[in-house]
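> Heads up: the sequence lines are chains A and B, in that order.
Converting from the first sequence to our numbering requires adding 6 to each position, the first position being numbered 1.
Converting from the second sequence to our numbering requires adding 7 to each position, the first position being numbered 1.
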Amino acid sequence: MTAPALYSIVLVLLTALAAGLVGTFALMKRMSLAGDVISHIALPGLGIALLLHFNPLIGAAATLLIGTILIWRLQQGRTLTTDVAIGVIFTAALAIGTLVTPSEDLIEALFGGFQNLTLLWFLLGVIGVLGVITFIATFRHQLILALFSPELAAATGVNVARLDLYYLLVFSLTVLLGLRFLGALLVGALIIIPAATGRQLTHTLTAFLIASSAASVLSVAIGFLINYYYSHLTLGSVTLNLSLGPAIISVATVLFLLSLLRRKI
Amino acid sequence: MNLLEVKDLSVRIEDKIIVENLSFELGPSDRLSILGPNGAGKTMLLKALLRLVSYSGKIVWDPSARIGYVPQKVDTDRHVPLTYRDLFNSKCRVAKLATAQIDEISQSVGLTREMLATPVGHLSGGYFQRGLIGFALIGNPNVLLLDEPTASIDEPGEENIYELIHRLQDQYQLAVITVSHDLSFVYRYATRVLCLNKRSVCFGTPREALTPEVLAELYGPSLSYYHHDHEHTVAR
Numbered sequence: 007m008t009a010p011a012l013y014s015i016v017l018v019l020l021t022a023l024a025a026g027l028v029g030t031f032a033l034m035k036r037m038s039l040a041g042d043v044i045s046h047i048a049l050p051g052l053g054i055a056l057l058l059h060f061n062p063l064i065g066a067a068a069t070l071l072i073g074t075i076l077i078w079r080l081q082q083g084r085t086l087t088t089d090v091a092i093g094v095i096f097t098a099a100l101a102i103g104t105l106v107t108p109s110e111d112l113i114e115a116l117f118g119g120f121q122n123l124t125l126l127w128f129l130l131g132v133i134g135v136l137g138v139i140t141f142i143a144t145f146r147h148q149l150i151l152a153l154f155s156p157e158l159a160a161a162t163g164v165n166v167a168r169l170d171l172y173y174l175l176v177f178s179l180t181v182l183l184g185l186r187f188l189g190a191l192l193v194g195a196l197i198i199i200p201a202a203t204g205r206q207l208t209h210t211l212t213a214f215l216i217a218s219s220a221a222s223v224l225s226v227a228i229g230f231l232i233n234y235y236y237s238h239l240t241l242g243s244v245t246l247n248l249s250l251g252p253a254i255i256s257v258a259t260v261l262f263l264l265s266l267l268r269r270k271i
Numbered sequence: 008m009n010l011l012e013v014k015d016l017s018v019r020i021e022d023k024i025i026v027e028n029l030s031f032e033l034g035p036s037d038r039l040s041i042l043g044p045n046g047a048g049k050t051m052l053l054k055a056l057l058r059l060v061s062y063s064g065k066i067v068w069d070p071s072a073r074i075g076y077v078p079q080k081v082d083t084d085r086h087v088p089l090t091y092r093d094l095f096n097s098k099c100r101v102a103k104l105a106t107a108q109i110d111e112i113s114q115s116v117g118l119t120r121e122m123l124a125t126p127v128g129h130l131s132g133g134y135f136q137r138g139l140i141g142f143a144l145i146g147n148p149n150v151l152l153l154d155e156p157t158a159s160i161d162e163p164g165e166e167n168i169y170e171l172i173h174r175l176q177d178q179y180q181l182a183v184i185t186v187s188h189d190l191s192f193v194y195r196y197a198t199r200v201l202c203l204n205k206r207s208v209c210f211g212t213p214r215e216a217l218t219p220e221v222l223a224e225l226y227g228p229s230l231s232y233y234h235h236d237h238e239h240t241v242a243r
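1) Does the count of Cβ pairs from the segment 64-75 of chain A and the segment 154-170 of chain A closer than 8 Å reach three?
2) Going along chain A in order, which residues have a C-beta closer than 9 Å to the C-beta of PRO156 of chain B?
3) I'd like to know if the segment 214-221 of chain A and the segment 41-50 of chain A are in contact, where contact means that at least 3 CB-CB pairs between them fall below 8 Å.
4) Find out if the Cβ-Cβ distance for the pair ASP37 of chain B, THR198 of chain B is shorter than 7 Å.
5) Closer than 9 Å by beta-carbon distance: list the chain A residues that pair up with LEU59 of chain B, in chain order.
6) Between the segment 193-218 of chain A and chain B, which residues of the former have a C-beta closer than 7 Å to a C-beta of the latter?
7) Buried or exposed, going by whether 16 or more other CB atoms sit within 10 Å of the CB of GLY204 of chain A?
8) So, is the C-beta of PHE154 of chain A closer than 7 Å to a C-beta in chain B?
9) Rounding to the nearest angstrom, what Cα-Cα distance links LEU130 of chain B and THR106 of chain B in this structure?
10) By Cβ distance, which residues of its chain are closer than 7 Å to ALA275 of chain A, with the 5 residues on each side in sequence left out?
11) What residues in the segment 31-51 of chain A have a beta carbon less than 8 Å from any beta carbon of chain B?
12) Can you list, in chain order, the residues of its chain whose CB lies under 7 Å from that of TRP78 of chain A, leaving out five sequence neighbours each side?
13) Using the three-state DSSP reduction, which class does ILE145 of chain B fall into: helix, strand or coil?
14) By Cβ distance below 8 Å, which residues in the same chain neighbour HIS237 of chain B in space, the five residues on each side in sequence not counted?
15) Spatial neighbours of ILE74 of chain B within its chain, please: C-beta separation below 7 Å, excluding the five flanking residues on both sides.
16) For VAL28 of chain A, return the contacting residues in chain B, with the cut-off set at a CB-CB distance below 7 Å.
17) Which word fits THR245 of chain A, buried or exposed, when buried means at least 16 other C-beta atoms lie within 10 angstroms of its C-beta?
18) Within 6 Å: the Cβ of TYR91 of chain B and any heavy atom of the ligand ATP?
19) For GLN81 of chain A, decide whether its Cβ has a neighbour in chain B, counting only Cβ atoms nearer than 7 Å.
20) Note down, in chain order, every chain A residue with its Cβ under 7 Å from the Cβ of ARG100 of chain B.
21) Using a Cβ cut-off of 8 Å, pull out every chain B residue sitting near ILE150 of chain A, in sequence order please.
22) Does the beta-carbon distance from LYS65 of chain B to VAL186 of chain B come in below 7 Å?
23) Between VAL81 of chain B and chain A, is any beta-carbon pair separated by less than 7 Å?
24) List, from N- to C-terminal side, the beta strand (DSSP E) runs of 3 residues or more that fit wholly inside the segment 46-88 of chain B.
25) Could you list which residues in chain B have their beta carbon closer than 8 Å to that of VAL226 of chain A, in chain order?
26) Should the segment 227-238 of chain A be regarded as contacting the segment 54-62 of chain A, the criterion being three or more beta carbon pairs within less than 8 Å?
27) What span of residues does the beta strand (DSSP E) with ARG38 of chain B cover, start to end?
28) Does the beta carbon of PRO148 of chain B come closer than 7 Å to any beta carbon on chain A?
29) According to DSSP, is GLU220 of chain B part of a helix, a strand, or is it coil?
30) Can you check whether the CB of GLY41 of chain A is closer than 7 Å to the CB of LEU52 of chain A?
31) Can you tell me which of A:ALA202, A:LEU17, A:ARG186 puts its alpha carbon nearest to the alpha carbon of MET37 of chain A?
32) Does the segment 80-97 of chain B come close enough to the segment 120-140 of chain B to have 3 or more Cβ pairs within less than 8 Å?
33) Tell me the DSSP bridge mates of VAL183 of chain B?
34) From VAL67 of chain B to PHE128 of chain A, what does the alpha carbon distance come to, in whole angstroms?
35) Using 7 Å as the limit for Cβ to Cβ distance, is ILE24 of chain B near chain A?
36) Output needed for ASP69 of chain B: all residues of its chain with C-beta closer than 8 Å, excluding positions within five of it in sequence on either side, in chain order.
Spelled out as structure tokens, the structure:
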């Protein structure tokens, strides 16, 4: 295996670990839908960057940042229903993103794929993952108080609005880290589905965090192997296109379905 | 030195007046009950005292005041795997306090080790409320603010929570500010009562302040009022 391929595998597994941790809090904050929307906001940025021939991740990072701040502002205000606003942003981002993304790049932008990484992008990715893990480790107690009761958290001295913004930014960073492998449509699912699996299997917070991360890493590992060995699987007259993003999310979904059968630990 | 001085306090939410021109003072060992109909601004007054909402006027706490707060309602999701041990521990970490006090406080409010390890969404209303009171006690407060502490508890449990609050007042030398509809609690435990209907309708000791006219203004003329030597109740 070449070094760039190895960098990619290591980074996508580390990203899965970060996604599991972030997803645990996303699920408890009841923001599964908002999480999905945030990932879609990357699409217009990806499209514009591809159109103008600069690094797609920079374009995605720019629209993610704008979208994250927009969603945060909507959550803080009380004038517009957040659900409505998120619904509008979601469809608008998808429509604009699809319009501006060159058609030959659209599938990859939506569903991702395996990409070899240079050492620089690998190191930047590792720094991003470390940033996410450090945030969760540092702010987990504040996040716990805020999701139990924002009012009690504020009375304890937590700046809840600022914490919400930090969390959304970390969520977006996780989306950005997984974007090139899973695509704008599926990367949100890597954060939400393994966390849903972890929730099914556990009833303590520590176990929940571990199970979500484990489910996420396992989904990526198995999805990667499926993609590596069976990227075009022929069943009779049907050929399945098992590209990386769909393979990972399919595995994550199977793990979730299996978790419905298991007792909690 | 007063524990708390409130002068010309007004709270507005989106141009709607919630509390208007309120002034009162509390001593260090006072036990204040706040009475008033729904929508009278009782909860907002507590939030203003905690500086959780913006207000105009003056709220001056004694510099030694350490405040514990028990909100009226916390919406818990049964699917969130948080326990009171997690929450007590997180509060200690956020407020940079020693976690050693968790066991003593849990014992004081009547939470067993097993209950501490049970997800909060699975606890009964009474034990959930005891957990909230325990949460407020972390950090060694000398003032406790309670917003209708029995609102989410079935009738049989009510007396226990009030007795618990009274015992904790003595045990931890607490000044207590309680929003309550229960006049028997007010007469039994409060040293001061504040009647609120956006503005102050009465303030003083329960026996002085709670005249039939004041109660009629707060709760309407249909209220009937029984006053015995050892028992005080209100019924509609």
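A virtual CB, placed ideally from N, CA and C, is assigned to each residue, including glycine.
Owing to the predicted nature of the structure, the values given are computational and were not obtained by experimental measurement.
Put simply:
1) When C-beta atoms of the segment 64-75 of chain A are compared with those of the segment 154-170 of chain A, fewer than three pairs fall below 8 Å, so the two segments do not count as touching.
2) The contacting residues do not exist; PRO156 of chain B stays about 14 Å from chain A at best.
3) no
4) yes
5) Contact annotation for LEU59 of chain B against chain A: GLU157, ALA160, ALA161 [CB-CB distance below 9 Å, chain order].
6) Those residues of the segment 193-218 of chain A that come within reach of chain B (Cβ to Cβ, closer than 7 Å) are ARG205, THR208, HIS209, THR210, LEU211, PHE214.
7) buried
8) yes
9) 22 Å
10) Because residue 275 of chain A is not part of the residues shown, which for chain A are 7 to 271, the question remains open.
11) MET34, ARG36
12) ASP170, LEU171, LEU174
13) coil
14) In this prediction, HIS237 of chain B has a pLDDT of 42, which is less than 50 and means its spatial position is unreliable; what the coordinates show is noted afterwards. Closer than 8 Å at the Cβ level, and outside the excluded window around HIS237 of chain B, lies no residue.
15) LEU57, PRO148, VAL150, LEU152
16) Against chain B, the beta carbon of VAL28 of chain A has no neighbour under 7 Å; the closest one sits roughly 16 Å away.
17) With fewer than 16 other CB atoms across the displayed protein chains lying within 10 angstroms of its CB, THR245 of chain A is exposed.
18) This structure does not include the ligand ATP; it has no bound ligands of any sort.
19) no
20) HIS147
21) Neighbours of ILE150 of chain A on chain B, chain order: LEU89, ASP93, LEU94, SER97.
22) no
23) yes
24) With a minimum length of 3 residues, the continuous beta strand (DSSP E) runs that stay inside the segment 46-88 of chain B are 63-68, 74-77.
25) Ordered by position in chain B, no residue passes the 8 Å Cβ test against VAL226 of chain A, which lies about 24 Å from the chain.
26) no
27) 38-42
28) no
29) helix
30) no
31) A:ALA202
32) yes
33) B:ARG38, B:LEU151
34) 55 Å
35) Nearest CB-CB separation between ILE24 of chain B and chain A: not below the 7 Å threshold.
36) MET8, ASN9, LEU10, LEU11, PRO35
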